[in-house]
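Asker: Under my numbering, the residue at position 18 of the sequence shown is numbered 196, and the numbers go up by one with no gaps.
Just so it is clear, CB atoms sit at the ideal spot from N, CA and C, and this is done for glycine as well.
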Amino acid sequence: MSKIKICGLTRPCDIDFVNEAKPDFCGFILGFPKSRRCISISTLYTLRERLDASVKPVGVFVDAPMEMILPLAADGTLAAIQLHGHETEEYVRQLKEGTSVPIFQAFRVTDRKSLLPALQSPADLILLDHGAGGTGKTFDWSVLEGITRPYILAGGLGPDNLESAISTLHPWGVDMSSGVETDGVKDREKIWKAVQIAHKYAAIHD
């Protein structure tokens, strides 16, 4: 069964959208002001209080200090941590020693060779993306052929190509952001449709 994560939530209505659609995870971008989807810690707490208990909150960080990450896992605000920068294997190992929540690590996929760091990562799960994340672009999925390590697929996914991605690659999970947006903000209908596709497929093929 492929899990589904809706990433880059910023508004109370975004929380309402995922509460209704019930993806497995939702993502909050923290400590990375270069992203238009970045939110403050205070906003995270506000949105987290609104989130349905069935949807697991994931904090997305880019080369952030552990002192920023660990308290949010320790107090139960985050159910998982996603690393989307240039974090080293040693950093990931130290982070794992400091928390019991799962750690996802993202990698940019350009060719078969670029997969090697991902396959060697000590993270609990790897996320394979086209680039920096949230670009709306896919990559050549053929480079993933034969990979046995569970992974989250990201990069240009949306309601129009989600079923093809799941049926072709059978990823552990899928991650969407710009693919469920209209004019740069989360779209209720696109989120609902994407989650329905993923969960319907899982129910049929699980």
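If you count every other CB in all the chains shown that lies within 10 Å of the CB of Leu331, and 16 or more means buried, which is it?
Answerer: Buried is the call here.
Asker: From what residue to what residue does the beta strand (DSSP E) around Asp365 run?
Answerer: No beta strand (DSSP E) contains Asp365, which DSSP labels as neither H nor E.
Asker: Count the CB pairs spanning the segment 215 to 234 and the segment 259 to 267 that are closer than 8 Å, and state whether there are at least three.
Answerer: Result no; under three Cβ-Cβ pairs closer than 8 Å.
Asker: Grab me the residues of Gly324's own chain with a C-beta within less than 7 Å of its C-beta, minus the 5 sequence neighbours each way, in chain order.
Answerer: Taken in chain order, the list of residues that qualify is empty.
Asker: Skipping 5 residues on each side, what residues in its chain have a beta carbon closer than 8 Å to that of Trp370?
Answerer: Within the same chain, Trp370 has close Cβ partners Phe195, Glu198 and Ala199.
Asker: On the premise that Ile193 lies in contact with Leu222, defined as a C-beta separation below 8 Å, what is that separation, rounded to the nearest angstrom?
Answerer: Not confirmed; about 11 Å, so no contact.
Asker: Below 8 Å, can you find three or more Cβ-Cβ pairs linking the segment 241 to 255 to the segment 296 to 309?
Answerer: The segment 241 to 255 is not in contact with the segment 296 to 309.
Asker: Using a Cβ-based criterion (distance less than 7 Å to any ligand heavy atom), does Gly334 qualify as near the ligand SAH?
Answerer: Inclusion of the ligand SAH in the displayed structure is not the case, the ligand content being empty and no account of it being possible.
Asker: Report all residues from its chain with a CB closer than 8 Å to the CB of Arg214; omit the five preceding and five following residues, and keep chain order.
Answerer: For Arg214, where only same-chain residues beyond five positions count, the Cβ hits under 8 Å are Gly362.
Asker: Mind checking who Phe206 pairs with in its DSSP beta bridge?
Answerer: DSSP output for Phe206 lists Gly237 as bridge partner(s).
Asker: If contacts are defined as beta-carbon pairs under 8 Å, then Val373 and Ile182 qualify, I think. What distance do you get, rounded to the angstrom?
Answerer: Rounded, the Cβ-Cβ distance is 6 Å, consistent with contact.
Asker: Considering only C-alpha positions, which residue in the set Thr266, Val238 and Ala242 is nearest to Ala257?
Answerer: The shortest C-alpha separation from Ala257 is found at Val238.
Asker: Assign Pro201 to buried or exposed, taking buried as 16 or more other Cβ atoms, counted over all protein chains shown, within 10 Å of its Cβ.
Answerer: Burial call: buried.
Asker: Start and end of the alpha helix (DSSP H) containing Leu187?
Answerer: Run containing Leu187: none; DSSP gives neither H nor E here.
Asker: Ser180 and Ile344 - do their beta-carbons sit closer together than 8 Å?
Answerer: Taking 8 Å as the Cβ cut-off, Ile344 and Ser180 qualify as a contacting pair.
Asker: If Ile304 sits next to Arg290, beta carbons under 8 Å apart, how far is it from one beta carbon to the other, in whole angstroms?
Answerer: About 15 Å separates the two Cβ atoms, so there is no contact after all.
Asker: Would you grab the beta carbon distance between Gly205 and Cys185 for me? Rounded to a whole angstrom, and I think it's under 8 Å.
Answerer: At roughly 3 Å, the Cβ-Cβ gap stays under 8 Å, so Gly205 and Cys185 are in contact.
Asker: Quick check: the Cα distance between Phe210 and Cys216, rounded to an integer number of angstroms?
Answerer: Roughly 6 Å separates the two Cα atoms.
Asker: Under 8 Å between the Cβ atoms of Val321 and Val287?
Answerer: Result yes, Cβ atoms of Val321 and Val287 sit closer than 8 Å.
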